[in-house]
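Report on one structure; see the data block that follows.
Below you can see the structure in the form of structure tokens.
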């Protein structure tokens with residue numbers, strides 16, 4: 252992954268984690284890559300001016316696949332076929348672990364970021380969207396973390412600096428896709444249109 | 252499609268149109284079905300309590316494919332494997348044309364709905380999200396229309412009762428996926444959490 256694939260105008264990055272996440276039975280697993288996660292979340296990230304979209308994939312074959320997809324849409328045929336897609340996809344940076352994400356932000360921005368996890372579950376000590384907007388003004392670097400599969404592991408959620416309030420619809424049904432949940436959250440936090 | 256697949260508690264439905272939409276060159280075409288459109292948008296529709304999620308597909312083979320997907324996740328194996336997915340997917344109703352959507356709403360709710368198109372382009376006479384929220388209180392039935400491909404045709408946009416303000420990010424980049432755009436719009440219009 253070329254260093255130039257990331258731009259650094261803002262202090263908020265996002266990361267999509269394929270580990271440590273839960274499967275349907277509640278076991279901690281490494282989930283499989285979903286092509287449209289890369290496309291959709293990159294397009295949302297580009298729309299709202301997010302600094303960098305990290306994709307955390309520990310499994311080597313899956314990492315190679317993700318890099319192929321990115322290459323196709325940036326320097327390959329896809330990049331000339333669809334320029335707006337290229338502009339979004341080039342925000343993606345693949346890392347093997349969350350520690351690699353934090354180290355990359357430290358290296359490029361001079362400080363470790365504060366971590367905020369998103370989850371569909373109601374969490375103790377969660378912060379609301381208004382609070383998160385205010386926190387983003389503090390001059391720190393921030394990384395907002397999204398899980399794939401059946402969500403981030405309990406231990407991972409507890410280890411983050413903050414837990415963001417879940418999206419609540421019109422009853423207790425909360426099974427949004429990670430693509431849609433991340434779009435709604437970035438709109439709530441970053442949109443100037445409201 | 253069974254009539255019981257739709258529930259009618261609210262006065263807002265949504266529709267995803269595969270015709271008449273534009274291709275990359277600006278020709279009016281019938282676009283191909285995307286499996287994740289059905290899943291993602293149904294999950295968002297269920298989250299926000301939307302009445303019915305219509306999928307408009309004029310091409311017979313594509314309609315059959317959509318019905319197979321729906322059957323798998325409602326009465327087939329998928330429905331027992333993932334109950335929350337079943338609950339979302341059963342909100343989907345396939346129709347061949349927009350006229351069939353309007354006729355179905357007329358038949359089930361006793362009146363033709365007012366139509367609101369969504370588009371990434373800035374439109375003359377567009378309505379904002381606040382205005383749309385107020386309009387929804389008027390007791391009419393409403394249907395919010397989303398296009399696939401490169402967006403709904405000019406003529407179709409002009410023929411709707413209202414045009415909704417596009418989602419604006421942090422600059423002029425507006426290439427959200429229809430999955431993410433519909434999630435953001437439903438959250439802006441229907442969320443009680445803001």
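Protein chains in written order, with our numbering: chain H, 252 to 445; chain E, 252 to 445. Glycine residues also receive a C-beta, built at the ideal position from the N, C-alpha and C atoms.
Continuous alpha helix (DSSP H) stretch holding residue i: start and end
i                      : result
residue 332 of chain E : 328-332
residue 283 of chain E : Neither: residue 283 of chain E is in no alpha helix (DSSP H) and is coded neither H nor E.
residue 432 of chain E : 429-441
residue 350 of chain E : 349-360
residue 372 of chain E : No alpha helix (DSSP H) contains residue 372 of chain E, which DSSP labels as neither H nor E.
residue 387 of chain E : Neither: residue 387 of chain E is in no alpha helix (DSSP H) and is coded neither H nor E.
residue 378 of chain H : Run containing residue 378 of chain H: none; DSSP gives neither H nor E here.
Beta-carbon proximity of residue i to residue j, cut-off 9 Å
i                      : j                      : result
residue 395 of chain E : residue 367 of chain E : yes
residue 240 of chain H : residue 400 of chain H : The requested residue 240 of chain H does not occur in the structure, where chain H is confined to residues 252 to 445.
residue 263 of chain H : residue 392 of chain H : yes
residue 398 of chain E : residue 429 of chain E : yes
residue 311 of chain E : residue 324 of chain E : no
residue 293 of chain E : residue 356 of chain E : no
residue 308 of chain H : residue 281 of chain H : yes
residue 302 of chain H : residue 350 of chain H : no
residue 365 of chain E : residue 412 of chain E : yes
Span of the beta strand (DSSP E) around residue i
i                      : result
residue 264 of chain E : 263-268
residue 344 of chain E : 343-346
| Contact residues within the segment 401-434 of chain E, judged by C-beta distance below 9 Å to chain H | 416, 418, 419, 420, 421, 422, 424, 425, 426, 427, 428, 430, 431, 432, 433, 434
| Taking a cut of 9 Å between CB atoms, which residues from the segment 330-360 of chain E lie near chain H? | 332, 333, 335, 336, 338, 339
| field | Given 8 Å, three or more beta-carbon pairs between the segment 337-349 of chain H and the segment 309-325 of chain H | value | yes
| task | Decide if the segment 290-310 of chain H is in contact with the segment 414-424 of chain E; the criterion is three or more beta carbon pairs, one per stretch, under 8 Å apart. | result | yes
| said: By the 9 Å beta-carbon criterion, what residues does the segment 384-399 of chain H contribute toward chain E? | reply: none
| said: Give me the subset of the segment 280-296 of chain E whose CB atoms are less than 9 Å from a CB atom of chain H, sorted by chain position. | reply: 285, 287, 290, 291, 292, 294, 295
| query | Between the segment 265-285 of chain E and the segment 403-417 of chain H, are three or more C-beta pairs nearer than 8 Å? | reply | no
| field | Three or more C-beta pairs below 8 Å linking the segment 425-441 of chain E and the segment 432-445 of chain H | value | yes
| query | Do the segment 260-270 of chain E and the segment 279-288 of chain E touch if we need at least three Cβ pairs shorter than 8 Å? | reply | yes
| said: At a CB distance below 8 Å, what residues from the segment 296-319 of chain E approach chain H? Give them in sequence order. | reply: 297, 298, 299, 300
| task | Please list the segments of the alpha helix (DSSP H) lying wholly inside the segment 292-332 of chain H, counting only runs of 4 or more residues, in order along the chain. | result | 311-325, 328-332
| field | Stretch-stretch touch, CB-based, cutoff 8 Å, three pairs: the segment 412-419 of chain E with the segment 369-387 of chain E | value | yes
| task | Tell me the start and end of each unbroken alpha helix (DSSP H) in the segment 395-428 of chain E that is at least 4 residues and wholly inside, in chain order. | result | 405-410
| query | Name the residues in the segment 261-274 of chain H whose C-beta lies less than 8 Å from a C-beta of chain E; which are they? | reply | none
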